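Residue numbering for the sequence shown follows my numbering, beginning at 316 and increasing consecutively.
The structure appears right after this line, and notes come after that.
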Amino acid sequence: MKEKKQPSGTGIWTGSILAAFLVAIGIFVVLLQTEKKVLGAYEKAGIYVALQEIPKGMLLTPDNYEDYIVLKELDKTCIPETALKFPEQIYGLIAGERIEAGVLLTTGMFERQQELTAHMQEPVIAGFKAEDLYQVVGGVLRAGDRIHIYMVTETGQAHLVWENVYVQQVFDSGGSAIQAGNTSTAAQRMNVFLDAADVDRFYTELAQGTLRVVKVCDK
316 MKEKKQPSGT GIWTGSILAA FLVAIGIFVV LLQTEKKVLG AYEKAGIYVA
366 LQEIPKGMLL TPDNYEDYIV LKELDKTCIP ETALKFPEQI YGLIAGERIE
416 AGVLLTTGMF ERQQELTAHM QEPVIAGFKA EDLYQVVGGV LRAGDRIHIY
466 MVTETGQAHL VWENVYVQQV FDSGGSAIQA GNTSTAAQRM NVFLDAADVD
516 RFYTELAQGT LRVVKVCDK
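This is the structure in structure tokens:
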């Protein structure tokens, strides 16, 4: 029995298909590697973003920080080196200025509560009422404000006694804390940071009615 001969073009056609298949595999591998490189160039990373406006002077704590900030993933190349990325970085931060919603948060936008009292040997919180200091600039003080405290002598001369005193918290007439973003409620009680060594003099002068307060305004 005679062996059948393959058509003359069959071997060439089969070889062409095989070659095309191998080329396709090669192209697929190249595209896959290219995709990996592109995705690697757009690596994601987390950064805290202002969920809502953060008022100047707002102290972020484990109890309230989730009300003001949220962790989002962004292209790593868009995240600055000073970005806030972990909850441990947040606790104890105080907004140095008003921060709008949607802003990427960095360390430069905040100051730490410990830094405000670093120059004190024994920092304490001293409280006083608005009427003790002639309504304390109309009740407009808020947490995060700075004040200068002057003493007025019997001759009417005023002397600066405490400079850039940090207002830790303010309260309304009912004793409720006033948030830094509240611009309508009058502050009736204030807490400020003082060195323990200054407390006796502060309350003595306060009782004698010789102290006056000046709010430090933003530049």
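Glycine included, every Cβ here is placed at the ideal spot set by N, Cα and C.
If you're wondering where the values come from, they're calculated on a predicted model, not measured in any experiment.
Backbone secondary structure at residue i - three-state DSSP
i           : result
residue 508 : strand
residue 492 : strand
residue 423 : helix
residue 487 : coil
residue 377 : coil
residue 383 : helix
residue 400 : coil
residue 476 : strand
residue 502 : coil
Residue j beta carbon less than 8 Å from that of residue i
i           : j           : result
residue 396 : residue 360 : no
residue 372 : residue 460 : yes
residue 494 : residue 416 : no
residue 362 : residue 409 : no
residue 479 : residue 418 : no
Burial state of residue i (16 or more Cβ within 10 Å)
i           : result
residue 427 : exposed
residue 346 : exposed
residue 405 : buried
residue 401 : exposed
residue 398 : buried
residue 502 : buried
residue 340 : exposed
The stretch 467-485 contacting the stretch 499-507, beta-carbon criterion three pairs below 8 Å: yes
At least three beta-carbon pairs within less than 8 Å, the stretch 465-478 to the stretch 519-529: yes
Stretch pair the stretch 431-444 + the stretch 508-517: three plus CB contacts closer than 8 Å: yes
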